[in-house]
Every structure is written in structure tokens, then in C-alpha cells.
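Here is the structure we will look at, set down as C-alpha cells.
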Amino acid sequence: MEMRWFLSKIQDDFRGGKINLEKTQRLLEKLDIRCSYIHVKQIFKTSDYPVVLSLENHCSTAQQEVMADNLQATFGESLLSDMLDDFPDTLPSPEALKFKILVKNKKIGTLKETRERKGSDKRGDNQDKETGVKKLPGVMLFKKKKTRKLKIALALSDLVIYTKAEKFKSFQHSRLYQQFNENNSIGETQARKLSKLRVHEFIFHTRKFITRIYPKATRADSSNFNPQEFWNIGCQMVALNFQTPGLPMDLQNGKFLDNGGSGYILKPHFLRESKSYFNPSNIKEGMPITLTIRLISGIQLPLTHSSSNKGDSLVIIEVFGVPNDQMKQQTRVIKKNAFSPRWNETFTFIIHVPELALIRFVVESQGLIAGNEFLGQYTLPLLCMNKGYRRIPLFSRMGESLEPASLFVYVWYVR
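Residues 1 to 415, numbered by full-length UniProt numbering, are exactly what the sequence shown covers, in order.
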């Protein structure tokens with residue numbers, strides 16, 4: 001089965017309620033890390049689809065057993081602790097995993113061995129998992145990287161079913177040896193390089209395996225990269241710092257408005273089909289859309305920091321998607337009317353891959369000295385836009401609704 005879905009709100013994010021199990025061994029030696037304040041019904045309040053709990057695990061085996069006990073006690077039957085009978089060697093669809101919580105962590109052995117151990121006492125049973133770089137035969141040109149052994153408690157390992165964390169080595173290694181339930185995490189720098197040099201292999205990889213992209217270590221300020229470039233090649237999980245507002249988070253929130261805000265979106269057919277030779281940087285075929293937006297007016301736009309309705313307002317319409325589709329157009333500036341400006345301007349965009357395109361409306365107040373001031377924005381997938389006269393709601397930089405602030409537009413597109 002191909003990995004057919006984009007996933008939202010990954011890592012330790014229970015759709016609003018956060019649980020962080022990353023502690024050092026020293027601090028956890030005698031600490032009970034209960035998480036019973038999380039109610040299962042609240043986890044699935046927004047969506048019925050599965051939640052992935054990714055553990056950054058640096059605990060001793062004794063504390064890993066405590067983690068396993070608490071996870072089972074807290075989540076009960078919602079915690080997936082055994083493979084589904086209908087999916088012994090393929091990944092289930094999100095539909096088959098409704099109301100389930102999946103643990104993502106290192107794992108010992110196979111799913112069959114996990115099932116055989118079901119019901120047995122696993123306390124004190126653990127194994128070493130070697131990580132690092134092994135010595136290769138031949139001349140030693142560089143200093144050997146030390147290998148370290150990570151001890152994994154069998155009780156926690158057996159809670160990992162379809163989301164086993166496995167270090168990415170190469171696309172060739174994955175094709176030959178990687179199991180269907182093993183997921184890779186790739187740093188943004190390496191992923192960006194691979195997406196340029198080996199794009200077809202990368203897309204083929206994301207068809208078979210869940211692939212997560214995470215920020216580079218130098219982002220000490222919790223800044224974010226643009227997730228669009230990795231959605232373009234089919235990566236299912238794009239890890240962002242949700243606490244940092246800005247363009248990347250606007251794209252994230254806009255992307256997952258699709259499919260009822262469920263957190264799962266079916267990938268376009270060209271990112272799922274094995275015979276597809278899609279390359280986001282070199283579009284040869286397709287059915288482009290001609291998008292026409294008439295921006296008519298603004299309705300009760302947010303006040304500027306000067307709390308004046310006499311600001312000079314403008315709107316920028318941006319398109320995010322494959323490189324050839326990325327563009328932006330801007331209205332003229334309406335002087336001394338930031339409350340209910342009227343533009344009546346028409347903009348046309350030719351979009352070659354509409355399945356991946358996001359449209360972003362940004363409202364600003366012009367500033368000649370300090371620069372333009374952000375007033376509000378709204379981002380949504382192109383194919384979620386309805387034709388005709390529409391009201392576009394506006395959201396703040398932090399993602400909060402600015403109701404009743406909005407834009408009044410007329411939308412039309414043909415393919």
C-alpha cells in the first residue's frame with residue numbers, strides 16, 4: 001500500500017492538549033510521568049482520525065516501562081497495541097484507524113513477534129539497539145564515529161505497531177531492506193538537497209514509507225521553513241514549531257482546511273501512482289487552471305497600531321505551490337481608508353498544478369518609513385475555493401479570528 005496521505009499536527013500534539021515525555025534519565029529516575037489529565041474524548045474532538053504520538057525517548061528502561069504502563073492506563077483501548085488482522089503486512093488507511101492513538105518510537109523485532117508476546121510479562125526485559133556509524137572495510141580516512149547502544153524496554157517497544165522510527169540511510173537501502181511499518185525522519189537540509197538531486201527517488205520513497213521532515217538544529221529561535229517544498233514531493237509529515245507564527249504556519253493551517261479539517265488529506269494521484277514521473281521543478285504535462293479573482297472591497301478591516309481608520313490599505317494575493325506557480329499580485333493603495341476600502345480590481349493567475357496550490361490573501365497598511373504593517377490574512381487550498389461572490393474571513397498573525405473583518409471577492413476559474 002502506498003503512503004497516500006498528508007498528515008497534520010504531528011509529534012506531541014494532541015490537537016490542542018500537549019504532552020511532552022522528553023526528560024532526562026537523571027530527572028526521571030524516581031519520577032512518575034503520568035499523563036492522565038488528557039481525556040481521550042478531547043483528543044478526538046476535532047477529528048476521528050488517528051493521532052500519532054512521537055516519543056523523544058531518552059529514558060532508562062525502568063522509566064520506559066513506567067511510560068508504557070501510563071500510556072496503556074490513560075488511553076486504554078484507544079491505544080493501538082497490536083496489528084490489525086486485515087493489515088498484517090501493509091499500512092492501514094486512516095479510515096481503518098479511526099479513534100486510535102499510534103506510538104512512534106524505536107522498536108525491537110517484528111510485528112509477528114510482538115503479537116506472540118501479547119499478554120506475557122515483559123518487565124525487566126530489554127534489548128540494546130546500536131546506533132551510529134559502523135566501521136567499513138578499507139582504509140580509515142576519517143575518525144570513526146562512536147557507536148552507542150540505546151536500551152529499549154520491551155514493554156514500550158511492543159506499543160509501537162505501524163509507526164516504527166528508523167534512521168534514514170539512503171533510498172537504495174530503503175528499497176532493499178526497509179519494512180512497511182518503518183518511518184524515516186530526515187532533516188530539512190538533507191531533504192532539500194535530495195529533493196533537488198534525486199527527486200524521482202524521493203517521491204517513490206514517500207509512496208511506500210511515512211516520511212517526516214524536521215527543522216535543522218541551527219533554528220535555535222524556533223523559526224520555521226516553508227513546508228510547501230516538501231508537500232510538493234509527497235512528504236506526509238512536515239514538523240513545524242507551532243509556537244512561532246508567520247507564513248509557514250499560515251500555509252500549514254490553510255493546507256489542512258481541506259477534508260473538513262480532519263488532519264488528513266489524500267495526496268494527488270501523481271504523488272501516489274507508481275508509474276508517475278512527476279517533478280515539481282519541471283512540469284511537462286498537466287491541466288492548468290486559469291484563476292480569476294476580482295477583489296471588490298474590504299469590510300471592517302482591523303485597526304492599525306495607531307488605532308486609526310485612516311490608514312492606507314492594500315491587499316496582496318499570493319500563490320504557493322510548485323516553483324512555476326509561485327507568484328503574487330497586489331492591489332493599489334486606498335488612501336486614508338483602512339475600515340471599508342473599495343478596490344474593484346481583477347487579477348488572473350495561470351496555475352499549472354492546482355492540486356498543490358494554496359491561495360493566500362494578505363491585508364496590509366502601507367508605511368513609507370517603517371514598512372507595511374500586517375493587518376490580517378487568510379490561506380486556503382485553490383481547489384477548496386467556491387466560485388462566485390465570496391466573503392474571505394481574516395485571521396491575525398497568531399491565527400486568531402478577526403471577525404467581522406473580511407474581504408469581498410468574486411472568484412472564477414476554468415480548466
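Just so you know, even glycine gets a beta-carbon here, dropped at the ideal spot from N, CA and C.
In this text the structure is predicted, and so the values were computed from the model without any measurement.
Other residues of its chain near residue i: CB distance less than 8 angstroms, five sequence neighbours each side excluded
i: serine 174; result: Phe168, Asn184, His205, Lys208, Phe209
i: glutamine 243; result: Ser222
i: lysine 193; result: none
For residue i, the residue or residues it bridges with in DSSP
i: lysine 118; result: Note: lysine 118 sits in no beta bridge, so no partner.
i: alanine 153; result: Asn126
i: asparagine 184; result: Thr211
i: methionine 327; result: Val319
i: glycine 388; result: Val411
i: lysine 284; result: According to DSSP, lysine 284 bridges with nothing at all.
i: glycine 376; result: Val363
i: lysine 107; result: None; lysine 107 has no bridge partner.
i: lysine 45; result: None, per the DSSP bridge assignment.
i: serine 313; result: Ile334, Ser365
i: alanine 165; result: Asn183
i: leucine 102; result: Val52
i: methionine 237; result: Arg212
i: leucine 80; result: DSSP, once it has assigned bridges, lists no residue as partnering leucine 80.
Rounded C-alpha distance that separates residue i from residue j
i: isoleucine 67; j: leucine 156; result: Inspection of the sequence shows that residue 67 is occupied by methionine rather than by isoleucine. Approximately 7 angstroms between the Cα atoms of the pair.
i: glutamine 329; j: glutamate 318; result: 7 angstroms
i: leucine 291; j: phenylalanine 347; result: 8 angstroms
i: proline 215; j: leucine 247; result: 15 angstroms
i: lysine 41; j: valine 414; result: 43 angstroms
i: arginine 212; j: glutamate 201; result: 16 angstroms
i: valine 353; j: methionine 237; result: 21 angstroms
i: serine 262; j: leucine 7; result: 9 angstroms
i: glycine 399; j: lysine 112; result: 44 angstroms
i: tryptophan 5; j: serine 396; result: 29 angstroms
i: glutamate 182; j: tryptophan 412; result: 43 angstroms
i: isoleucine 351; j: aspartate 325; result: 5 angstroms
i: glutamine 172; j: aspartate 89; result: 21 angstroms
i: asparagine 224; j: serine 120; result: 44 angstroms
i: lysine 83; j: proline 341; result: Just to set this straight, residue 83 is methionine in the shown sequence, not lysine. Near 58 angstroms, if we compare the C-alpha coordinates of proline 341 and methionine 83.
i: proline 50; j: leucine 71; result: 15 angstroms
i: residue 419; j: phenylalanine 180; result: Any property of residue 419 remains undetermined from this structure, which presents the chain solely from 1 to 415.
i: serine 36; j: threonine 74; result: Low per-residue confidence applies at serine 36: pLDDT is 49, beneath 50, and the placement is therefore not dependable, though the value from the model is reported in the following sentence. Approximately 5 angstroms, taken between the alpha carbons.
i: alanine 96; j: lysine 310; result: 55 angstroms
i: glutamine 300; j: tyrosine 177; result: 58 angstroms
Classification of residue i by the beta-carbon crowding that lies within 10 angstroms, buried from 16 upward
i: serine 406; result: buried
i: isoleucine 101; result: buried
i: cysteine 384; result: exposed
i: serine 195; result: buried
i: serine 81; result: buried
i: glycine 254; result: buried
i: leucine 197; result: exposed
i: glycine 298; result: buried
i: methionine 287; result: exposed
i: asparagine 232; result: buried
i: serine 47; result: buried
i: glycine 234; result: buried
i: lysine 267; result: buried
i: proline 323; result: exposed
i: residue 425; result: No answer is possible for residue 425: the residues shown for the chain start at 1 and end at 415.
i: tyrosine 389; result: exposed
i: isoleucine 369; result: exposed
i: threonine 163; result: buried
i: alanine 338; result: buried
i: residue 417; result: The question about residue 417 has no answer here: the residues shown for the chain are numbered 1 through 415.
Element boundaries [beta strand (DSSP E), containing residue i]
i: isoleucine 364; result: Reading off the sequence shown, one finds glutamate at residue 364, where the question assumed isoleucine. Where glutamate 364 is concerned, the enclosing beta strand (DSSP E) stretches over 358–365.
i: phenylalanine 408; result: 401–414
i: serine 342; result: For clarity, residue 342 is arginine in the given sequence; the question names serine instead. Start and end: 342–351.
i: isoleucine 296; result: 289–299
i: phenylalanine 6; result: 5–7
i: valine 52; result: 51–54
i: leucine 266; result: 264–266
Contacts around residue i, its chain only, beta-carbon distance under 6 angstroms, and the 5 residues preceding and following it disregarded
i: valine 103; result: Leu53, Leu159, Val160
i: residue 418; result: For residue 418 there is no data in the structure shown, the boundaries of the chain being 1 and 415.
i: isoleucine 203; result: Ile233, Gly234
Neighbourhood of residue i by C-beta distance below 7 angstroms, restricted to the same chain and skipping five residues each side
i: asparagine 126; result: Thr61, Lys151, Ile152, Ala153, Leu154
i: glutamine 366; result: Asp312, Leu314, Val333, Asn372
i: isoleucine 392; result: Phe361, Tyr378, Ser406, Leu407, Val409
i: threonine 331; result: Leu295, Leu314, Val315, Trp343, Glu345
Unbroken alpha helix (DSSP H) run spanning residue i, endpoints
i: tyrosine 177; result: 171–177
i: leucine 251; result: 247–255
i: leucine 71; result: 61–75
i: isoleucine 339; result: As written in the sequence, residue 339 is phenylalanine, which differs from the isoleucine given in the question. First-last for phenylalanine 339: undefined, no H or E at that position.
i: residue 447; result: Outside the displayed range of the chain (1 to 415) lies residue 447, so it cannot be described from this structure.
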